[in-house]
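Numbered by the numbering used here, the letters in the first sequence go through residues 80 to 625 in order. Okay, structure first, notes after.
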Amino acid sequence: MSFLGRRAAPVATLLSSCHSLRALEQIHARIVRKGLEQHHVLVLRFLCLCNALSAVSYASSAFERVSHPTLPLFNALLKLLSDHRLPLQSSLFLFHQLRLRSPHPPDPFSYPSLLKSCSHFADLHTGASIHSLALRSGFESNIFVRTSLIDMYGKCCEVHAAKVLFSAMDFRNEVTWTAMIVAYLNSGDLASAAELFDGMPKRNVVSWNAMIDGFVKFGDLVSARKLFDEMPERNKVTFTSMIDGYSKAGDMASARTLFEMLKGKDVFSWSAMITGYVQNGRPGEALKLFLEMLEKNIKPDEYIMVGLMSACSLLGSLTLAKWVDSYIARSSIDVKRAHVLAALVDMNAKCGNMERATTLFETMPKRDLISYCSLMQGYSIHGLGVKVIEFFSRMIKEGIVPDDVAFTVVLTACSHAGLVEEGIKYFGMMKNEYSISPSPDHYACMVDLLGRAGRLKEAYELIKCMPMEPHAGAWGALLGACRLNCDIELGEVVAKKLFEMEPQNGGNYVLLSNIYAAADRWADVSQVRTIMRGRGVRKIPGCTWI
DNA sequence: ATAGGGTTAG
């Protein structure tokens with residue numbers, strides 16, 4: 080340590096044993112106090128530590144105090160900015176300072192970080208201009224710079240540009256090959272990615288993982304599992320990709336088996352498992368895992384909390400929602416992030432706290448389609464169709480373009496609140512103004528809407544005119560409407576259809592027999608009951624027989 | 001001191 084100098088050496092010792100933000104603060108104070116701010120080697124080590132501990136502001140303040148920063152200092156800060164996904168402008172600003180105000184021009188170490196920032200934000204325009212600077216500086220053929228360029232073009236969906244750079248290389252390594260494979264996967268070209276992977280001279284765990292994740296994203300779990308079994312060594316990422324794949328395929332048993340096999344689970348692994356349970360409609364399991372994770376002293380991050388909030392939405396427990404809400408307020412999770420806020424709005428809306436949901440929604444810096452839908456769905460569940468329409472109009476005025484899900488929410492709300500004319504209007508608007516072709520769900524909403532309003536003939540006409548095969552939900556809505564309007568004739572037609580489509584659904588038999596019962600046709604009631612028994616159908620608990 | 005792989009919302 081003596082080459083650092085008498086005063087710097089002790090601080091360097093402190094730096095190498097520093098593992099917390101608290102200790103970092105003290106070191107920072109010491110550097111300032113001892114007048115070591117111009118010690119380039121020491122400050123460089125400090126910046127690297129800041130990177131590891133995510134102390135972005137300490138790093139930039141230490142950097143700013145250096146009156147003549149060296150090239151490694153610039154490069155270390157550039158890396159820190161890209162590693163922590165700070166806005167591209169901040170990286171660009173620093174890079175331009177380096178180009179124009181520093182006596183040293185950027186070197187091959189400067190480009191990869193800057194290009195990575197462009198990749199994060201998929202900013203092709205900036206990436207391409209950095210590319211031309213790299214060309215002019217003569218560093219474009221440096222393997223690090225070249226690999227970063229391939230990655231940047233891949234992430235910006237310019238797979239062809241990536242391919243050109245890749246093909247023209249004399250020397251490539253595993254990282255280069257993997258960047259190219261990921262570029263193909265990103266463009267949806269699974270075949271080219273697999274071909275490249277098979278032809279790679281040497282693979283490492285990252286290359287295997289990239290390919291496995293590619294198969295998972297394409298829903299080819301068999302190929303993914305084949306690679307998983309073949310590969311020489313696996314790590315956390317390997318397991319997490321497979322867990323994710325199994326969850327998406329609804330195979331929670333296999334996901335859980337891998338999860339249990341994995342030693343040293345990190346937030347990614349827990350997150351995959353928790354959101355897997357949520358997406359498969361098992362919020363209780365998700366909640367159990369969350370508590371287990373806390374016991375293991377793993378700090379939940381933004382992703383975990385979003386998963387937990389989705390679980391709460393499914394459970395509909397207000398007590399739990401309140402606890403999660405206050406937990407997040409106490410944590411360091413940034414509630415201003417769109418995903419977090421949307422999940423908070425959704426959770427409160429679904430758990431019956433519309434007041435809180437509305438407050439959160441109104442205090443959002445920017446409202447997007449997702450948060451509008453969350454809030455509208457909350458009002459819809461609470462039967463406040465008029466509110467839903469109000470928010471929908473406001474959303475359109477704000478320039479947000481509704482999609483198919485948004486229309487499902489509005490149509491459902493109209494149907495539940497009996498806003499027939501409005502529903503018809505929005506159904507037309509969806510088709511004519513937004514060119515969204517109605518899904519079977521949209522049709523089912525409209526059938527329900529018309530049926531509840533007693534306009535059974537129109538509902539029946541609509542269902543018959545559907546360009547696709549109506550699903551049981553649509554026929555079910557119509558049967559419900561027949562029950563409501565005591566239309567025996569149509570009810571029999573619809574019920575016959577439903578008995579063919581889903582012979583084991585007891586609800587349909589119940590509805591038909593209720594229609595007969597309302598007309599005092601007890602013989603028919605008992606006949607339906609006989610058919611039902613004959614087919615071994617049990618009535619769904621909670622359905623009542625008159 | 002530099003490059004490649006994993007998680008979130010209606």
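Just so it is clear, CB atoms sit at the ideal spot from N, CA and C, and this is done for glycine as well.
Please name the residue in K375, D299, E512 and K429 whose C-alpha comes closest to that of L454. In the first sequence, counting from the first residue as 1, residue 454 sits at position 375. With distances taken between Cα atoms, L454 lies closest to K429.
To the nearest angstrom, how far is the alpha carbon of M611 from that of H461? Taking the first sequence and counting its residues from 1, the one referred to as residue 611 is at position 532. Taking the first sequence and counting its residues from 1, the one referred to as residue 461 is at position 382. Across the structure, M611 and H461 are spaced so that their CA atoms are roughly 35 Å apart.
Say the cut is 6 Å; is the CB of A108 nearer than that to a heavy atom of the ligand ADP? Ligands displayed in this structure: none; no statement on the ligand ADP is therefore possible.
Which one of L123, N130, E116 and A334 has the shortest CA to CA distance from S99? For the purposes of this step, residue 99 is identified with residue 20 of the first sequence, where counting begins at 1. The shortest C-alpha to C-alpha distance from S99 to any of L123, N130, E116 and A334 is the one to N130.
May I have the straight-line CA-CA distance separating A240 from L300, to the nearest angstrom? Locating residue 240 in the first sequence gives position 161, where the first residue counts as 1. Locating residue 300 in the first sequence gives position 221, where the first residue counts as 1. Between A240 and L300, the C-alpha separation is close to 30 Å.
Does the structure place the region 548-557 close enough to the region 520-529 that three or more beta carbon pairs sit under 8 Å? The region 520-529 vs the region 548-557: in contact.
For I260 versus L275, is the C-beta spacing smaller than 7 Å? Here residue 260 is taken as the residue at index 181 of the first sequence, counted from 1. Here residue 275 is taken as the residue at index 196 of the first sequence, counted from 1. Yes.
For A436 and V424, which I take to be in contact (beta-carbon distance under 8 Å), what is that distance rounded to the nearest angstrom? For this step, residue 436 is matched to residue 357 along the first sequence. For this step, residue 424 is matched to residue 345 along the first sequence. A436 to V424, Cβ: 5 Å. Contact.
For P362, I'd like the list of residues in its chain whose CB is within less than 6 Å of its CB, leaving aside the five on either flank, ordered along the chain. Here residue 362 is taken as the residue at index 283 of the first sequence, counted from 1. Answer for P362: A390, L393 and L394, listed in chain order.
What separation, rounded to the nearest whole angstrom, lies between the Cα atoms of M310 and D404? Indexing the first sequence from 1 puts residue 310 at position 231. Indexing the first sequence from 1 puts residue 404 at position 325. If you take the alpha carbons of M310 and D404, they lie about 43 Å apart.
Per-residue DSSP class, three states only, for Y539: The count along the first sequence starts at 1 and reaches residue 539 at position 460. In this structure, Y539 counts as helix in the three-state DSSP scheme.
Taking C-beta to C-beta, are S286 and E253 nearer than 7 Å? Mapped onto the first sequence, residue 286 falls at position 207. Mapped onto the first sequence, residue 253 falls at position 174. The beta carbons of S286 and E253 sit closer together than 7 Å.
Under 7 Å between the Cβ atoms of H118 and A87? Residue numbering aside, residue 118 sits at position 39 when the first sequence is read from its first letter. Residue numbering aside, residue 87 sits at position 8 when the first sequence is read from its first letter. Contact: yes.
Between the alpha carbons of N314 and W349, how many angstroms are there, rounded? Sequence index remark: in the first sequence, residue 314 carries index 235 (1-based). Sequence index remark: in the first sequence, residue 349 carries index 270 (1-based). A straight-line Cα-Cα distance of about 15 Å links N314 and W349.
Judging by CA-CA distance, which residue of Y451, T487 and L387 is the nearest neighbour of G478? Taking the first residue of the first sequence as position 1, residue 478 is located at position 399. Nearest C-alpha to G478: Y451.
Here's the rule: buried if 16 or more other CB atoms are within 10 angstroms of the residue's CB, otherwise exposed. What is V385? Here residue 385 corresponds to residue number 306 of the first sequence, with the count starting at 1. With 16 or more other Cβ atoms within 10 Å, it is buried.
Limits of the alpha helix (DSSP H) - the one that L103 falls within: Translated into the one-based positions of the first sequence, residue 103 becomes position 24. Bounds of the alpha helix (DSSP H) holding L103 are L100 to R112.
Which of the three DSSP states is assigned to T149 in this structure? On the first sequence, residue 149 is found 70 positions in, with the first residue counted as 1. DSSP places T149 in coil when its eight states are reduced to three.
Which residue's Cα is closest to the Cα of N221: T149, P187, S411 and C236? Counting from one through the first sequence, the residue named residue 221 turns up at place 142. Considering only alpha carbons, the answer is P187.
How would you label T623, buried or exposed, when you count the other beta carbons within 10 angstroms and need 16 or more for buried? Taking the first residue of the first sequence as 1, we reach residue 623 at position 544. Confidence at T623 is low in this model, with a pLDDT of 39, below 50, so the placement of that residue is unreliable and no value is reported for it.
Where do the ends of the alpha helix (DSSP H) carrying Q168 lie? Within the first sequence, the letter at position 89 stands for residue 168. Its alpha helix (DSSP H) spans residues L167 to R180.
Which residues mark the beginning and the end of the alpha helix (DSSP H) in which C493 is found? Sequence index remark: in the first sequence, residue 493 carries index 414 (1-based). Per DSSP, C493 belongs to the alpha helix (DSSP H) from D483 to A496.
Could you compute how far the alpha carbon of L115 sits from the alpha carbon of L157? Here residue 115 refers to the residue found at position 36 when the first sequence is read from its first residue. Here residue 157 refers to the residue found at position 78 when the first sequence is read from its first residue. Looking at the two C-alpha atoms, the distance is approximately 22 Å.
For L264, tell me which candidate among Y190, N288 and S605 has the shortest Cα-Cα distance. In the first sequence, counting from the first residue as 1, residue 264 sits at position 185. The shortest Cα separation from L264 among Y190, N288 and S605 belongs to N288.
Report all residues from its chain with a CB closer than 7 Å to the CB of E441; omit the five preceding and five following residues, and keep chain order. As a first step, residue 441 must be located in the first sequence, where it is residue number 362. For E441, there are no CB contacts under 7 Å within the same chain when 5 residues up- and downstream are skipped.
On the three-state DSSP scale, how would you describe I567? On the first sequence, position 488 is the one that residue 567 refers to. I567: helix per DSSP, three-state reduction.
Tell me which same chain residues have a C-beta within less than 7 Å of the C-beta of I377, skipping the five on either side of it? Your numbering for residue 377 matches position 298 in the first sequence. If we look at I377 and ignore the five residues flanking it on each side, its Cβ neighbours are V346 and W349.
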